[in-house]
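Below: the structure, in structure tokens.
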Amino acid sequence: MSALVNAVEFVDRELTSLIQSTSFTENLLATTTSKLISEVFLLSFIILVGYETLYWSGIYLGLWEYHAKDIFTEIPIHCAHVYVRINLASKDKIDRIREYYRLKQNRYNVLSWTTSNQIGSEVFEFEQFVKYHFEFSPEDFEMNDEPEYGSTISHLRDKILTVVSQSDLYRDYKNKKLEVMVFDNQNNEVGHDKDKQYLSKTYIETGNVIDCIILVE
8 MSALVNAVEF VDRELTSLIQ STSFTENLLA TTTSKLISEV FLLSFIILVG
58 YETLYWSGIY LGLWEYHAKD IFTEIPIHCA HVYVRINLAS KDKIDRIREY
108 YRLKQNRYNV LSWTTSNQIG SEVFEFEQFV KYHFEFSPED FEMNDEPEYG
158 STISHLRDKI LTVVSQSDLY RDYKNKKLEV MVFDNQNNEV GHDKDKQYLS
208 KTYIETGNVI DCIILVE
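8 is the number of the first residue of the sequence shown in this note's numbering; add one for each residue after it.
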């Protein structure tokens, strides 16, 4: 019991000291009632902030799940338009391409910048990526099972191949077998197992800038 009393007295001293630290809040200790109300309010605020910080940190780290995830389900908004940076590379260099994008994920590691730039200069056909703006109108996704989610990864690959086939920039590659590697807005490869997935469900959202690599056999 004495331990509890000591703990209460300690908390009271600390809260009183905190409230007295500024002239603006010092007046809140003028009466016993105002002191009690102020301390209860301050203690509740500290507990609430601590709880929310711990709760959302745990969700972010994957330690537990959002308590109402089954009630408030997230519905992605369909991708209306996206910017795509295109480059070409030989298909036999696919492992080096994947290594390049693994390094790009470490954007705050200065050492990885040098390595990724070196790999890029060795792997890609163009010194600079060519940037395109793709817009998705209803005819791009109205045939889908769930058109409200927009276009699919497979459709994006087809649009990119159409651009390549129609542009003189890629005339040296038109008679070769081409394949499109798609990377999401976090530089993760979007594999062919996700071809029927909607862009909005694969971290490709409206206004994003993503990379796509044309593999040449």
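Just so it is clear, CB atoms sit at the ideal spot from N, CA and C, and this is done for glycine as well.
Identify whether Ser158 lies in helix, strand or coil by the three-state DSSP scheme. Numbered from 1 along the sequence shown, position 151 holds the residue referred to as residue 158. Correct three-state label for Ser158: coil.
Could you tell me which of Pro154, Ser45 and Ala10 sits nearest to Ser24, measuring between CA atoms? Here residue 24 corresponds to residue number 17 of the sequence shown, with the count starting at 1. Residue Ser45 is the option with its Cα nearest to Ser24.
Which value, in whole angstroms, describes the spacing of the CA atoms of His140 and Gly69? The residue you call residue 140 lines up with position 133 of the sequence shown. The residue you call residue 69 lines up with position 62 of the sequence shown. Approximately 35 angstroms, taken between the alpha carbons.
Closest to Gln135 by C-alpha separation, out of Leu176, Asp165 and His88, would be which residue? Stepping through the sequence shown from its first residue, residue 135 is reached at position 128. It is Leu176 whose Cα lies nearest to the Cα of Gln135.
Locate the beta strand (DSSP E) running through Glu186, then write down its first and last residues. As a working mapping, residue 186 is identified with position 179 in the sequence shown. Run containing Glu186: Leu185 to Phe190, per the beta strand (DSSP E) assignment.
I'd like the ranges of any beta strand (DSSP E) spanning at least 3 consecutive residues and lying wholly in the segment 20-72. none
One question on the structure: do Lys138 and Ser123 come within less than 8 angstroms of each other, judged by their Cβ atoms? Locating residue 138 in the sequence shown gives position 131, where the first residue counts as 1. Locating residue 123 in the sequence shown gives position 116, where the first residue counts as 1. No, Cβ-Cβ distance for Lys138 and Ser123 is not below 8 angstroms.
Lys138 lies in the beta strand (DSSP E); which residues open and close that run? Stepping through the sequence shown from its first residue, residue 138 is reached at position 131. Its beta strand (DSSP E) spans residues Val137 to Glu142.
By Cβ distance below 7 angstroms, which residues in the same chain neighbour Ile211 in space, the five residues on each side in sequence not counted? Numbered from 1 along the sequence shown, position 204 holds the residue referred to as residue 211. Same-chain partners within the cutoff: Cys86, Val89, Asp191, Asn192 and Ile217.
Please state whether DSSP places Ile104 in a helix, a strand or coil. Locating residue 104 in the sequence shown gives position 97, counting from the first residue. It is helical.
Is it the case that the CB of Phe48 approaches a heavy atom of the ligand ZN more closely than 7 angstroms? Here there are no bound small molecules, and the ligand ZN is not part of this structure.
According to DSSP, Ala96 sits in a beta bridge with which residue or residues? Here residue 96 refers to the residue found at position 89 when the sequence shown is read from its first residue. Phe131 and Leu222, per the DSSP bridge assignment.
On the criterion of 16 or more Cβ atoms from any shown chain inside 10 Å, does Met150 qualify as buried, or is it exposed? By 1-based counting over the sequence shown, the position of residue 150 is 143. Exposed: under 16 other Cβ atoms inside 10 Å.
Between the Cα of Lys183 and those of Val223, Gly198, Asn194 and Val197, spot the shortest distance and give me the residue it belongs to. Translated into the one-based positions of the sequence shown, residue 183 becomes position 176. Taking only the C-alpha atoms, the option nearest Lys183 is Val223.
Report the partner residues of Val91 according to the DSSP bridge assignment. Sequence index remark: in the sequence shown, residue 91 carries index 84 (1-based). For Val91, which the question treats as bridged, DSSP gives the partners Tyr139 and Ile217.
Neighbour-count burial assignment, Leu61, 16 or more Cβ in a 10 Å radius: For the purposes of this step, residue 61 is taken as residue 54 along the sequence shown, with counting starting at 1. With fewer than 16 Cβ atoms within 10 Å of its Cβ, Leu61 is classed as exposed.
Between Ile84, Asp165, Glu16 and Lys98, which lies nearest to Gly214 when the distance is taken from Cα to Cα? Locating residue 214 in the sequence shown gives position 207, where the first residue counts as 1. Looking at the Cα atoms, Ile84 is the closest of the given residues.
For Tyr107, which residues from the same chain have a beta carbon less than 8 angstroms from its beta carbon, with the 5 sequence-adjacent residues on both sides left out? Working through the sequence shown from its first residue, we reach residue 107 at position 100. The answer, listed in chain order, is Ser123, Ile126, Gly127 and Val130.
Assigned secondary structure, Tyr205 (DSSP; H/G/I helix, E/B strand, else coil): In the sequence shown, residue 205 corresponds to position 198, counting from 1. Strand, per DSSP.
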